[in-house]
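Number of protein chains: 2
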Amino acid sequence: MKKIAIIGLGLIGGSLAFSLKKAGHYVTGIARQEEVLNKAREASAIDAGSLNLQDISDSDIIFVCTPINLIIPVLEQIAPYLKKGAVVSDVGSSKQEIVAKAEKLMPKGTYFVGGHPMAGKEQTKFEAAEIDLFKDKTWIITETSKTSKKAVEQLEEVILGTGAKMLKLDPKTHDMVVAGISHMPLAIAVSLVNAVASSSDKENMAKCAASGFRDTTRIVSGDPLLGVDMFTTNKKAVLKMIGAFKKSLSKLEKIVKNSDSEGMKIELEKAKEFRDSIF
Amino acid sequence: MKKIAIIGLGLIGGSLAFSLKKAGHYVTGIARQEEVLNKAREASAIDAGSLNLQDISDSDIIFVCTPINLIIPVLEQIAPYLKKGAVVSDVGSSKQEIVAKAEKLMPKGTYFVGGHPMAGKEQTKFEAAEIDLFKDKTWIITETSKTSKKAVEQLEEVILGTGAKMLKLDPKTHDMVVAGISHMPLAIAVSLVNAVASSSDKENMAKCAASGFRDTTRIVSGDPLLGVDMFTTNKKAVLKMIGAFKKSLSKLEKIVKNSDSEGMKIELEKAKEFRDSIF
Chain S
1 MKKIAIIGLG LIGGSLAFSL KKAGHYVTGI ARQEEVLNKA REASAIDAGS LNLQDISDSD
61 IIFVCTPINL IIPVLEQIAP YLKKGAVVSD VGSSKQEIVA KAEKLMPKGT YFVGGHPMAG
121 KEQTKFEAAE IDLFKDKTWI ITETSKTSKK AVEQLEEVIL GTGAKMLKLD PKTHDMVVAG
181 ISHMPLAIAV SLVNAVASSS DKENMAKCAA SGFRDTTRIV SGDPLLGVDM FTTNKKAVLK
241 MIGAFKKSLS KLEKIVKNSD SEGMKIELEK AKEFRDSIF
Chain A
1001 MKKIAIIGLG LIGGSLAFSL KKAGHYVTGI ARQEEVLNKA REASAIDAGS LNLQDISDSD
1061 IIFVCTPINL IIPVLEQIAP YLKKGAVVSD VGSSKQEIVA KAEKLMPKGT YFVGGHPMAG
1121 KEQTKFEAAE IDLFKDKTWI ITETSKTSKK AVEQLEEVIL GTGAKMLKLD PKTHDMVVAG
1181 ISHMPLAIAV SLVNAVASSS DKENMAKCAA SGFRDTTRIV SGDPLLGVDM FTTNKKAVLK
1241 MIGAFKKSLS KLEKIVKNSD SEGMKIELEK AKEFRDSIF
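Chains as they are written, first to last, in the numbering used here: chain S, 1 to 279; chain A, 1001 to 1279.
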């Protein structure tokens, strides 16, 4: 049993609270609105609730589950109150910048380990939180030359308690990986929807859009500000993956232009094979 | 009650058989394999089954539900056996070429009306057929200067019986619409998967791929040959929509490059608004 503080009780923080409380930890939830704390209390997601960041001072492990642009500001505020040996982690979807800044901010005898659970939904508020959100999902934690092995072990034990699988990556690899499977796909889906929306046939397209279009563009219905955060904090990797995508699209475009049905078949089969190997 | 023949008992033909039989029509299923007919008989999807295309000779309405490249060859074979007043339709996902050829093939006193139900799944065989596949979906039928109003009325009555909503478009508009919401999105999803598959981080990407990547790329797991048919028979419209997509992506790419977070927000919100207005 550990004393765990969760700062930010949205989809991720709320789901983590449910899951860690069930696993037997003592969970303190910290939010900016009393209303959110009340919801979390009513749902029995937390043992204690506070509006005050200083109330992490007793916690062994602190998860910062705020929007990505608030992670470093929150760290700056809590740093003076961390107890000796405390481990801080986050759930931000890009890691290089955050981890570098966070490592510099940590007081002696406290530890930062970057994290990123690969779980999400369009809804981002506490109401969408689920106890099983992380079950069988991959939870990435980042390791650098400065990362404490002991801190990783402590964090790992807690994270595995959510039912997630753990994957250790360095921050740079993490950022390229999420650019490929999350941030670049969002850019593509946004561009796809906007291309349709600017067509002169858009009304008929809207009427005819079926499950294919619905699923391909689902991520577009998430919080736009999360998207801005992704593209801003992971710019370099996102642009690199957009470049790889454009190369791949140009190849297919040329094949279609040439009515090269054998070439189409090869591209379609290659993609199907890779995707079917994942899901 | 009409006598209806369905040629091709895959996902679409099979679902149509279930649905029209339930609506009280007499349904003859025609397939190339006895095994498929047996499955359809056992499932009570058809009243009669045949391996012989000539057995449409008694039918009022004939739906050609074969793969797209077989629609015209099948029409050529059944044309001499159609009874006077028979209405033939199809479910092919591109229409300009098929409708033009089909209209020329029809014997005097018989009618062709192109069709395309906007419903699908990855699985394309009879086993995947569902009685409610078309419920609340849009079923496009195409009208040209040669289209018989009476034939459209007969077809409409039958189609509405599946629970689908009907939309009349000319073949050219149809092809642009499906390029936008189906064929171009497939090209994009294929290119996205192949870009990830050719990354040096592809193993980690595969491990971390979550629901966002799964949904964005779902259509890639369909039958590759259907994709080849789409890109081949609807080449012009597909290339036009790929062009519109590339323009839209280039705009977003530039915004990301410039770290223009206000511009990102505008693009993300525009896409979300349009998508949320559809689903």
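Glycine included, C-beta positions come from ideal geometry on N, C-alpha and C.
_If I follow the unbroken beta strand (DSSP E) through A48 of chain S, where does it start and stop?_
Taking the first residue of the first sequence as 1, we reach residue 48 of chain S at position 48. 48 to 50 is the span of the beta strand (DSSP E), which, as asked, contains A48 of chain S.
*From the DSSP output, in three-state form, read off K233 of chain S for me.*
The count along the first sequence starts at 1 and reaches residue 233 of chain S at position 233. At residue 233 of chain S the sequence reads Thr, which differs from the Lys that was named. Taken through DSSP and simplified to helix, strand or coil, T233 of chain S comes out as helix.
*In its own chain, which residues sit with a C-beta less than 7 Å from the C-beta of A189 of chain S, not counting the 5 before and 5 after it?*
For the purposes of this step, residue 189 of chain S is identified with residue 189 of the first sequence, where counting begins at 1. So the list reads T216, T217, I219, V220, once near-sequence residues are dropped.
*Is DSSP giving V99 of chain S helix, strand or coil here?*
If you number the first sequence from 1, residue 99 of chain S lands on position 99. In the three-state reduction of the DSSP assignment, V99 of chain S falls in the helix class, which pools H, G and I.
*Helix, strand or coil for H174 of chain S per DSSP?*
Counting from one through the first sequence, the residue named residue 174 of chain S turns up at place 174. Of the three classes helix, strand and coil, the one that applies to H174 of chain S here is helix, per DSSP.
*asked:* Does chain S have any CB closer than 8 Å to the CB of E1253 of chain A?
replied: As a working mapping, residue 1253 of chain A is identified with position 253 in the second sequence. For E1253 of chain A, the answer is yes, since a Cβ of chain S falls inside 8 Å of its Cβ.
*asked:* For a contact defined as C-beta to C-beta under 7 Å, what are the partners of L1320 of chain A on chain S?
replied: Outside the displayed span of chain A (1001 to 1279) sits residue 1320 of chain A, for which this structure offers no information.
*Any Cβ of chain A within less than 8 Å of the Cβ of P224 of chain S?*
Position 224 of the first sequence, counted from the start, is the residue given in the question as residue 224 of chain S. Residue contact with chain A for P224 of chain S: present (Cβ-Cβ distance below 8 Å to some residue of chain A).
*Are the Cβ atoms of L105 of chain S and I140 of chain S separated by less than 8 Å?*
Taking the first residue of the first sequence as 1, we reach residue 105 of chain S at position 105. Taking the first residue of the first sequence as 1, we reach residue 140 of chain S at position 140. In this structure, I140 of chain S does not lie closer than 8 Å to L105 of chain S by Cβ.
_Residues bridged to T142 of chain S [DSSP beta-bridge criterion]_ = Here residue 142 of chain S refers to the residue found at position 142 when the first sequence is read from its first residue. For T142 of chain S, which the question treats as bridged, DSSP gives the partners S:L169.
*Along chain S, which residues have their Cβ under 8 Å away from the Cβ of D1276 of chain A?*
In the second sequence, residue 1276 of chain A corresponds to position 276, counting from 1. Near D1276 of chain A (Cβ distances below 8 Å), the residues of chain S are S221.
*Contact set for V88 of chain S: own chain, Cβ-Cβ below 6 Å, skip 5 residues either direction*: Here the question's residue 88 of chain S lines up with position 88 in the first sequence. These residues qualify, in order along the chain: I62, F112.
*List the DSSP bridge partners of Y1111 of chain A.*
Here the question's residue 1111 of chain A lines up with position 111 in the second sequence. Answer is A:V1087.
*Taking the DSSP output, what are the residues bridged to G29 of chain S?*
For the purposes of this step, residue 29 of chain S is taken as the residue at position 29 of the first sequence. Partner(s): S:I6, S:G49.
*Identify every run of the alpha helix (DSSP H) within the stretch 1188 to 1230 of chain A, keeping only runs that are complete inside it and at least 4 residues long; order them along the chain.*
Qualifying alpha helix (DSSP H) stretches, in chain order: 1202 to 1208, 1211 to 1216.
_So, under 8 Å CB-CB, E1267 of chain A and N194 of chain S are touching, yes? Tell me the CB distance rounded to an integer number of Å._
Looking up residue 1267 of chain A in the second sequence gives position 267. Looking up residue 194 of chain S in the first sequence gives position 194. With a beta-carbon spacing of about 6 Å, E1267 of chain A and N194 of chain S fall inside the 8 Å limit used to define contacts.
*Express the C-alpha separation of K1207 of chain A and D1175 of chain A in angstroms, rounding to a whole number.*
By one-based count along the second sequence, residue 1175 of chain A stands at place 175. By one-based count along the second sequence, residue 1207 of chain A stands at place 207. Between the alpha carbons of D1175 of chain A and K1207 of chain A lies a distance of about 38 Å.
*List, in order along the chain, the chain S residues whose C-beta lies closer than 7 Å to that of S1261 of chain A?*
Working through the second sequence from its first residue, we reach residue 1261 of chain A at position 261. Near S1261 of chain A (Cβ distances below 7 Å), the residues of chain S are V228, T232.
_Quick check: the Cα distance between R1185 of chain A and L192 of chain S, rounded to an integer number of angstroms?_
Within the second sequence, the letter at position 185 stands for residue 1185 of chain A. Within the first sequence, the letter at position 192 stands for residue 192 of chain S. Residue 1185 of chain A is actually Pro in this sequence, not Arg. When rounded, the distance between both Cα atoms is 7 Å.
*Take the Cβ of K1235 of chain A as the centre, count every other Cβ of all protein chains shown within 10 Å, and call the residue buried at 16 or more, exposed below.*
Walking along the second sequence from the start, residue 1235 of chain A turns up at place 235. By the C-beta density criterion, K1235 of chain A is buried, having at least 16 other C-beta atoms within 10 angstroms.
_On the DSSP bridge list, what partners appear for V64 of chain S?_
Here residue 64 of chain S refers to the residue found at position 64 of the first sequence. The partner list for V64 of chain S (beta bridge, DSSP) reads S:I7, S:D90.
_8 Å Cβ cutoff met for E13 of chain S and I4 of chain S_ = Position 13 of the first sequence holds residue 13 of chain S. Position 4 of the first sequence holds residue 4 of chain S. Before going further, note that residue 13 of chain S is Gly rather than Glu in the sequence given. Taking C-beta atoms as the reference points, G13 of chain S and I4 of chain S fail to come closer than 8 Å.
*Cα-Cα, which of A:E1035, A:A1045, A:I1030, A:R1032 is closest to K1021 of chain A?*
Counting from 1 along the second sequence, the entry for residue 1021 of chain A is found at position 21. A check of alpha carbon separations from K1021 of chain A across A:E1035, A:A1045, A:I1030, A:R1032 identifies A:A1045 as the nearest.
*Run down chain S in chain order and give the residues with a C-beta less than 9 Å from the C-beta of K1265 of chain A.*
Counting from 1 along the second sequence, the entry for residue 1265 of chain A is found at position 265. By Cβ distance, chain S contributes P224, L225, G227, V228.
*Cβ-based neighbour list, K202 of chain S, same chain, cut-off 7 Å, excluding 5 preceding and 5 following*: As a working mapping, residue 202 of chain S is identified with position 202 in the first sequence. Shown here for K202 of chain S: same chain residues with a beta carbon closer than 7 Å to its own, the five before and five after excluded, namely V196 in chain order.
*Within chain S, partners of S1198 of chain A - CB distance below 8 Å*: Here residue 1198 of chain A corresponds to residue number 198 of the second sequence, with the count starting at 1. Here the neighbours are A244, S248.
_Can you list, in chain order, the residues of its chain with a C-beta nearer than 7 Å to that of Q96 of chain S? Leave out the 5 residues immediately preceding and following it._
For the purposes of this step, residue 96 of chain S is identified with residue 96 of the first sequence, where counting begins at 1. The beta carbon of Q96 of chain S lies closer than 7 Å to those of P171, K172, D175 in the same chain, with the five residues before and after it left out.
*asked:* Excluding the 5 residues flanking I1255 of chain A on each side, which residues of the same chain have their C-beta closer than 8 Å to its C-beta?
replied: Mapped onto the second sequence, residue 1255 of chain A falls at position 255. Contacts found: G1263, M1264, E1267.
*asked:* Taking 8 Å as the threshold (C-beta atoms), are T124 of chain S and G227 of chain S in contact?
replied: Taking the first residue of the first sequence as 1, we reach residue 227 of chain S at position 227. Taking the first residue of the first sequence as 1, we reach residue 124 of chain S at position 124. Cβ distance not < 8 Å, so G227 of chain S and T124 of chain S don't count as in contact.
*Count the other CB atoms, across all protein chains shown, that sit within 10 Å of the CB of P224 of chain S; report buried if there are 16 or more and exposed otherwise.*
Within the first sequence, the letter at position 224 stands for residue 224 of chain S. P224 of chain S counts as buried, since at least 16 other C-beta atoms from the protein chains shown sit within 10 angstroms of its C-beta.
*Which residues bound the alpha helix (DSSP H) around L37 of chain S?*
Start at 1 with the first residue of the first sequence, and residue 37 of chain S comes out as number 37. For L37 of chain S, the uninterrupted alpha helix (DSSP H) segment begins and ends at 34 to 42.
*Per DSSP, P1117 of chain A is paired with what?*
One-based indexing of the second sequence puts residue 1117 of chain A at position 117. Bridge partners of P1117 of chain A: A:W1139.
*asked:* According to DSSP, is A271 of chain S part of a helix, a strand, or is it coil?
replied: As a working mapping, residue 271 of chain S is identified with position 271 in the first sequence. Taken through DSSP and simplified to helix, strand or coil, A271 of chain S comes out as helix.
_Proximal chain A residues relative to M118 of chain S, where beta-carbon distance stays under 7 Å_ = Residue mapping note: residue 118 of chain S aligns to position 118 of the first sequence, counting from 1. By Cβ distance, chain A contributes C1208, A1210.
*asked:* Quick check: is the beta carbon of V1087 of chain A nearer than 8 Å to any beta carbon in chain S?
replied: Here the question's residue 1087 of chain A lines up with position 87 in the second sequence. So no, V1087 of chain A is outside the interface.
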